[in-house]
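Start counting the sequence shown at 315; every next residue gets the next number (this note's numbering). We treat Cβ as the ideally placed atom computed from N, Cα and C, and that holds for glycine. Note that this is a predicted model, so its numbers are computed, not measured.
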Amino acid sequence: MKNTDKQSWLDERKDLFVKNVLRDFINSYAFFLNIEKKFKEKGISYEGLDNWVGTQTDRGMLWILKDNCHRLWKDIDSGSQPEPFFFDWMVGAIFHEAMKLKENIYMADRYHPAFQVVSTATSAHSCRQFFKETLEDIQRGMNRLGELFMYAAEHLKSLLLTERDNSLLVRFMLENKSEIDKLWQKSGGLDQMLHTMFPEGLDEAYCMAGENYMEGSWYAEARMAFLEALKINPECKKAKSGLGILEKRLEELSHMLEMEYTLANSNQGLDQM
Numbered sequence: 315m316k317n318t319d320k321q322s323w324l325d326e327r328k329d330l331f332v333k334n335v336l337r338d339f340i341n342s343y344a345f346f347l348n349i350e351k352k353f354k355e356k357g358i359s360y361e362g363l364d365n366w367v368g369t370q371t372d373r374g375m376l377w378i379l380k381d382n383c384h385r386l387w388k389d390i391d392s393g394s395q396p397e398p399f400f401f402d403w404m405v406g407a408i409f410h411e412a413m414k415l416k417e418n419i420y421m422a423d424r425y426h427p428a429f430q431v432v433s434t435a436t437s438a439h440s441c442r443q444f445f446k447e448t449l450e451d452i453q454r455g456m457n458r459l460g461e462l463f464m465y466a467a468e469h470l471k472s473l474l475l476t477e478r479d480n481s482l483l484v485r486f487m488l489e490n491k492s493e494i495d496k497l498w499q500k501s502g503g504l505d506q507m508l509h510t511m512f513p514e515g516l517d518e519a520y521c522m523a524g525e526n527y528m529e530g531s532w533y534a535e536a537r538m539a540f541l542e543a544l545k546i547n548p549e550c551k552k553a554k555s556g557l558g559i560l561e562k563r564l565e566e567l568s569h570m571l572e573m574e575y576t577l578a579n580s581n582q583g584l585d586q587m
């Protein structure tokens, strides 16, 4: 019974988890590219790695990403759904490679100052060799992580293309166009993904986002999404209908606020009598 309840809980929140997986993958990859750049320019630095990878008591963004992927796809049938299976696998590999990198960078960063002082001693030959191997391990780890992130990104893209009914995801993608364009720029970025997801027209994606905004009472954002849909397709019925519903809700809200304001003034007048 508990497993059934747990699965039901997960099914109800699947759209949110998938959206969060994309968000955390983008952030985790961006962090890696940043430390890779710093490593090439300035050398070793442990700064920020705890926030990226995390610890047993305080999970970092990569740890959370790994756990959410496993939560969503650990029991997936690799034969019928290969993309989620391979993406989960790749993220797990990224996490474990990042853990090794974190440990090696800690060793190098922590002991490098002392090593420089004693490394000239004859007895320090084995330490010099160990330090050299640690630096080589760091470089190999960086290279391997770069490859794993690229492989994972392609599997993630294929996975996301099947999620066209996930309005939270579509909304997030539209809100973060520049980041998604960077991630998949070689394959056409966000526009190409949306064309694949919505072959009937990109106005459908903006209408879906508009409806999601409206459900959450984000009325200004909903209006902008519906108007964007109409820019793409001036005859879009969903966008016109959405704007009509939005105007009606705003009128109702305005009327309700006006009544509350009138009632509050009436009560204030009675209190003063």
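Q. What do you reckon, are the CB atoms on PHE463 and PHE353 nearer than 8 Å?
A. Working through the sequence shown from its first residue, we reach residue 463 at position 149. Working through the sequence shown from its first residue, we reach residue 353 at position 39. Not a contact, by the Cβ cut-off of 8 Å.
(Q) My assumption, with CB atoms under 8 Å, is that MET522 sits in contact with LEU475. Please give the rounded CB distance. (A) Taking the first residue of the sequence shown as position 1, residue 522 is located at position 208. Taking the first residue of the sequence shown as position 1, residue 475 is located at position 161. 15 Å between Cβ atoms; not a contact.
Q.
Using only the alpha-carbon positions, how far apart do LEU449 and TYR420 sit?
A. As a working note, residue 449 is residue 135 in the sequence shown. As a working note, residue 420 is residue 106 in the sequence shown. Their backbone Cα atoms lie some 11 Å apart in a straight line.
Q) Alpha carbon to alpha carbon, how far is MET413 from LYS491? A) Numbered from its first residue, the sequence shown carries residue 413 at position 99. Numbered from its first residue, the sequence shown carries residue 491 at position 177. Between MET413 and LYS491, the C-alpha separation is close to 30 Å.
**Q.** alpha helix (DSSP H) segment containing ILE340, residue limits
**A.** Looking up residue 340 in the sequence shown gives position 26. Its alpha helix (DSSP H) spans residues 328 to 356.
Q: Compute the beta-carbon to beta-carbon distance between GLU485 and ASN457, rounded to the nearest angstrom, for a pair I have assumed lies under 8 Å.
A: Here the question's residue 485 lines up with position 171 in the sequence shown. Here the question's residue 457 lines up with position 143 in the sequence shown. For the record, residue 485 in the displayed sequence is Arg; it is not Glu. Not quite, the Cβ-Cβ distance comes to about 36 Å (not below 8 Å), so this is no contact.
Q) ARG442 to TYR425, Cα distance in whole Å? A) Taking the sequence shown and counting its residues from 1, one reaches residue 442 at position 128. Taking the sequence shown and counting its residues from 1, one reaches residue 425 at position 111. Spanning the two alpha carbons is a distance of roughly 12 Å.
Q.
For GLU326 and ASN480, what's the separation of their Cα atoms in angstroms?
A. Within the sequence shown, the letter at position 12 stands for residue 326. Within the sequence shown, the letter at position 166 stands for residue 480. In a straight line, the C-alpha of GLU326 is about 12 Å away from that of ASN480.
Q) Going by other Cβ atoms of all chains shown within 10 Å of its Cβ, with 16 needed for buried, is HIS410 buried or exposed? A) Here residue 410 refers to the residue found at position 96 of the sequence shown. Flag for HIS410 reads exposed.
Q) Alpha carbon to alpha carbon, how far is ASP495 from LEU516? A) Locating residue 495 in the sequence shown gives position 181, where the first residue counts as 1. Locating residue 516 in the sequence shown gives position 202, where the first residue counts as 1. Cα to Cα, ASP495 sits roughly 16 Å from LEU516.
Q. Below 8 Å between beta carbons: does that hold for ALA543 and TYR520?
A. Here the question's residue 543 lines up with position 229 in the sequence shown. Here the question's residue 520 lines up with position 206 in the sequence shown. Result yes, Cβ atoms of ALA543 and TYR520 sit closer than 8 Å.
Q: My understanding is that TRP366 touches SER342, with C-beta atoms under 8 Å, so please give their C-beta distance in whole angstroms.
A: Here residue 366 refers to the residue found at position 52 of the sequence shown. Here residue 342 refers to the residue found at position 28 of the sequence shown. The pair is a contact, with the Cβ atoms about 7 Å apart (cut-off 8 Å).
Q. Could you give the distance in angstroms between the alpha-carbon of LEU324 and the alpha-carbon of LYS471?
A. Taking the sequence shown and counting its residues from 1, one reaches residue 324 at position 10. Taking the sequence shown and counting its residues from 1, one reaches residue 471 at position 157. Each residue's Cα considered, the two are about 22 Å apart.
Q. When you compare only the Cα positions, how much space is there between GLU518 and GLU529?
A. The sequence position of residue 518 within the sequence shown is 204, counting from 1. The sequence position of residue 529 within the sequence shown is 215, counting from 1. Rounded to the nearest angstrom, the two C-alpha atoms are 17 Å apart.
Q: Indicate whether the contact test is met: 3 or more Cβ pairs, each with one atom in the stretch 569 to 576 and one in the stretch 541 to 561, closer than 8 Å.
A: no
Q: Could you pull the start and end residues of the alpha helix (DSSP H) that PHE540 belongs to?
A: By one-based count along the sequence shown, residue 540 stands at place 226. Looking at the DSSP string, the run of the alpha helix (DSSP H) that includes PHE540 is 533 to 546.
Q | LEU336 versus LEU571: straight-line alpha-carbon distance, rounded | A | For the purposes of this step, residue 336 is taken as residue 22 along the sequence shown, with counting starting at 1. For the purposes of this step, residue 571 is taken as residue 257 along the sequence shown, with counting starting at 1. Spanning the two alpha carbons is a distance of roughly 39 Å.
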